[in-house]
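All residue numbers for the sequence shown refer to this note's numbering, where the first residue is 1 and numbers rise by one.
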Amino acid sequence: MKLLILDRDGVINYDSDAYIKSLEEWIPIPGSVEAIAQLSKAGWTVAVATNQSGIARGYYPVQTLEAMHARLRALVAEQGGEVGHIVYCPHGPDEGCDCRKPKPGMLRAIAEHYQADLGGVWFVGDSQGDLQAALAVGAQPVLVKTGKGERTLEKGVPETTLIFDDLAAIARELI
Numbered sequence: 001m002k003l004l005i006l007d008r009d010g011v012i013n014y015d016s017d018a019y020i021k022s023l024e025e026w027i028p029i030p031g032s033v034e035a036i037a038q039l040s041k042a043g044w045t046v047a048v049a050t051n052q053s054g055i056a057r058g059y060y061p062v063q064t065l066e067a068m069h070a071r072l073r074a075l076v077a078e079q080g081g082e083v084g085h086i087v088y089c090p091h092g093p094d095e096g097c098d099c100r101k102p103k104p105g106m107l108r109a110i111a112e113h114y115q116a117d118l119g120g121v122w123f124v125g126d127s128q129g130d131l132q133a134a135l136a137v138g139a140q141p142v143l144v145k146t147g148k149g150e151r152t153l154e155k156g157v158p159e160t161t162l163i164f165d166d167l168a169a170i171a172r173e174l175i
């Protein structure tokens, strides 16, 4: 199985320090939907692991998050592809869960779902937490410069991190 795992905010869609709280605020980064569809059509399973503490903070309900994910699935389907398993952490940073990145719980859930070994699997993110979660499960950390990626890069990233401009560049590399 060719498995690719993506963070959501800042990788697939624009991010906001004020959180993405509505379907109207969920806006794909140019080329990201097409990249997911191209990867899917080329035989890749594209899963998503996303921290969504806005739920715990009361900024939006689970139904709104599910509507955003339904929109993502529909847009990718319009391009002839599909989105695989989507997992999210609804907890706040102080709740002590094991799923909130940089902890690896969501990545382990994806591995369990697909009965896959994460060794060497690319986990694409835009934050230090994403890169740390990848390393915690033996996955390959991949940084995109979209979202918080440029700021993350300025602060330094693990030596083994692969760096790309955006998700479209990753699709070109893998296909």
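Glycine is no exception: its CB is placed at the ideal position from the N, C-alpha and C atoms.
Remember, it's a predicted structure, so these values are computed and weren't measured experimentally.
Closest in alpha carbon position to T64, among S32, G43, P102 and Y19, is Y19.
Setting aside the 5 residues that flank it on each side, T161 is surrounded in the same chain by L131, P141, V142 and L143, each with a C-beta closer than 8 Å to its C-beta; the list follows chain order. Fully contained in the region 3-48 are the following alpha helix (DSSP H) runs of length 4 or more, in chain order: 32-41.
Bounds of the beta strand (DSSP E) holding G125 are W122 to G125. Nearest to Y59 by alpha-carbon distance, out of P93, K21, C89 and H69, is K21. The DSSP-derived three-state label of L162 is strand.
Rounded to the nearest whole angstrom, the CA to CA distance from V87 to N51 is 9 Å. Taking all protein chains shown into account, S32 has 16 or more neighbouring C-beta atoms within 10 Å of its C-beta and is therefore buried. Rounded to whole angstroms, the separation of the alpha carbons of M68 and W26 is 7 Å.
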